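The sequence shown begins at 1118 in the working numbering and counts up one residue at a time. Where a beta carbon is used, it is the ideal one built from N, C-alpha and C, also for glycine. All values derive from a computational prediction rather than experimental measurement. Everything on this sheet refers to the single structure shown next.
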Amino acid sequence: MSQTPQLHVLGALALELTGSAPVARDALAQAGAGDLAALVARDLAKFAPAAARLELVTVGAHYDPVELLRPGWPLHRELDQLAARAPRNGIARDEGRVIAFGSHAEKLPGALSPSPDFAGGPLRLVPFLLGGPDEVVATVGDAFERDLIETGMAGADTALAAQEAFGLQVEHARYLTVHDLAAMTAMQYEHAGLAALWPVLETALLQPDGEAWLDQPPEPLVHYTGGEARIALFSPAAWRQRYAADADGDSEQAREQLQRQHQHFEIRQRQIAAVLGAHGVTVNFVHCERDEEDGRDALS
């Protein structure tokens, strides 16, 4: 069962950018955020009319996928917590309303500021969540999970508004649920040679209290448990026993080859740690001095 904020539909307006075109800004002032949010609300109600009865919460900012795909969905949770402070002013819970957060003095509220560390990617996301009566949320959520990936193209005026507001070039604009986004990311990581890591990352995202192993030599040994990813930091002898037990290390050439293999392994280990860290997964390196079985024991 996915660990998402209760009674909400989590998603994003996905902006696929054109080539290496520049991006003028990553956040909008309040008025611009409100204008874009109104278009998003209209689009979502076209996909599922009952969405008009829900509270839409969004922000006038765009983010990299790794900023949304994190254990506990912290960006969506921040939107939810900020929206909870907004007075209802007599609006019934099932009437629907739009809450859009924008910048003031070039600063977004709470922890909503996009990270400059992840700027420049080809896919940028404007997050949203929908909340309200349980049965309406369930109906809209089911419809979005079933249909949005196929039918969720944003209105042409929405795409143009986002393009002009943020000062970027939009190739395509569509709506996704966070589960759609996770599935897309899994495919991208497979193409990037990171398919073996995905089950660990997927567990961290969808079952933060769960457990998963990456135990597929020649990959590094990783154990996700207790809300963190534990990576085995093998001594040279332990690494050779696990990954190159049958290698001939008698000649100078063979030793040089083993050294290169070990260097490549360390690069891969750092890459995996960096990917997990970018997704907000705590990484803990655990020293392992002996064999493979000892490595699993050390990470348990």
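- For E1307, the number of other beta carbons within 10 angstroms of its own is below 16, and it is reported as exposed.
- In the three-state reduction of the DSSP assignment, W1330 falls in the strand class, which pools E and B.
- Its Cα nearest to that of D1152, the residue G1177 stands out among A1313, D1143, G1177.
- The residue among L1322, E1336, Y1341 with its C-alpha nearest the C-alpha of W1330 is Y1341.
- Here the C-alpha atom of A1303 lies approximately 16 Å from the C-alpha atom of A1391.
- Rounded to whole angstroms, the separation of the alpha carbons of D1367 and Q1380 is 19 Å.
- One alpha carbon belongs to A1162, the other to L1311, and they sit about 37 Å apart.
- Close CB contacts of G1327 within its chain, under the 7 Å cut and outside five residues either way in sequence, are with T1320 (chain order).
- Beta-carbon to beta-carbon, G1227 and E1195 are separated by about 5 Å, close enough to satisfy the 8 Å threshold.
- For I1266, same chain residues with a beta-carbon under 6 Å away, outside a window of 5 residues either side, are D1297 in chain order.
- If you compare the alpha carbons of P1353, R1413, F1382 with that of R1347, the shortest gap goes to R1413.
- Under the three-state reduction of DSSP, L1293 is assigned to strand.
- When the Cα atoms are used, D1181 and G1189 turn out to be separated by approximately 17 Å.
- Of V1400, L1416, P1250, H1396, the smallest CA-CA separation from D1234 is found for H1396.
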